[in-house]
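Colleague:
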Amino acid sequence: MDFFSITDYNRSMERSRYSMSEPTIIEKVQEVLDKLRPFLLRDGGDCELVDVEDGIVKLRLLGACGTCPSSTITLKAGIERALFEEVPGVVEVEQVF
């Protein structure tokens with residue numbers, strides 16, 4: 639039989655309360671992408687968040703952005719810069735196909 643003390647319960651509640659109130663890095667990245675999306679859509683493109691692992695954000699560029707010769711500039715100078723400024727923990731943005 640396992641015993642569960644009130645101390646364990648209180649610690650558990652503190653962790654869950656903290657994690658529920660703090661947005662995850664994925665949620666923060668998605669919020670920034672949602673702010674940038676109108677600019678991409680205006681040029682016929684879009685982006686999709688594929689994954690965030692060890693601070694590396696993996697994005698798929700869609701529509702016109704997927705085949706545009708300027709997509710690297712959009713990715714690095716636009717999206718990556720915005721994520722660096724607004725989401726602590728992001729270290730790089732990579733395009734996946």
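Each residue of the sequence shown is one higher than the last, beginning at 639 in my numbering. Glycine included, C-beta positions come from ideal geometry on N, C-alpha and C. The structure presented is a predicted model; accordingly, all values stated were derived computationally and were not measured.
#1: Over the uninterrupted beta strand (DSSP E) stretch that includes residue 672, give me the two end residues.
#2: Once you ignore the five residues that flank residue 663 on each side, which residues in its own chain have a CB closer than 6 Å to its CB?
#3: Please tell me whether residue 678 and residue 703 are closer than 8 Å, where the distance is taken between their beta carbons.
#4: Measuring CA to CA, which of 718, 730, 729 and 732 is closest to residue 674?
#5: Could you tell me the distance, in whole angstroms, from the CA atom of residue 732 to the CA atom of residue 694?
#6: If distances are taken between C-alpha atoms only, which option among 721, 701 and 725 comes closest to residue 682?
Modeller: Answer, in terms of the structure:
#1: Numbered from 1 along the sequence shown, position 34 holds the residue referred to as residue 672. Residue 672 -> not in any beta strand (DSSP E); alpha helix (DSSP H) instead, spanning 663-680.
#2: Along the sequence shown, one-based indexing puts residue 663 at 25. Answer for residue 663: 690 and 727, listed in chain order.
#3: Translated into the one-based positions of the sequence shown, residue 678 becomes position 40. Translated into the one-based positions of the sequence shown, residue 703 becomes position 65. For residue 678 and residue 703, yes; Cβs fall inside 8 Å.
#4: On the sequence shown, position 36 is the one that residue 674 refers to. It is 718.
#5: Counting from one through the sequence shown, the residue named residue 732 turns up at place 94. Counting from one through the sequence shown, the residue named residue 694 turns up at place 56. If I take the Cα positions, the gap works out to 7 Å.
#6: In the sequence shown, residue 682 corresponds to position 44, counting from 1. Nearest of 721, 701 and 725 to residue 682, Cα basis: 701.
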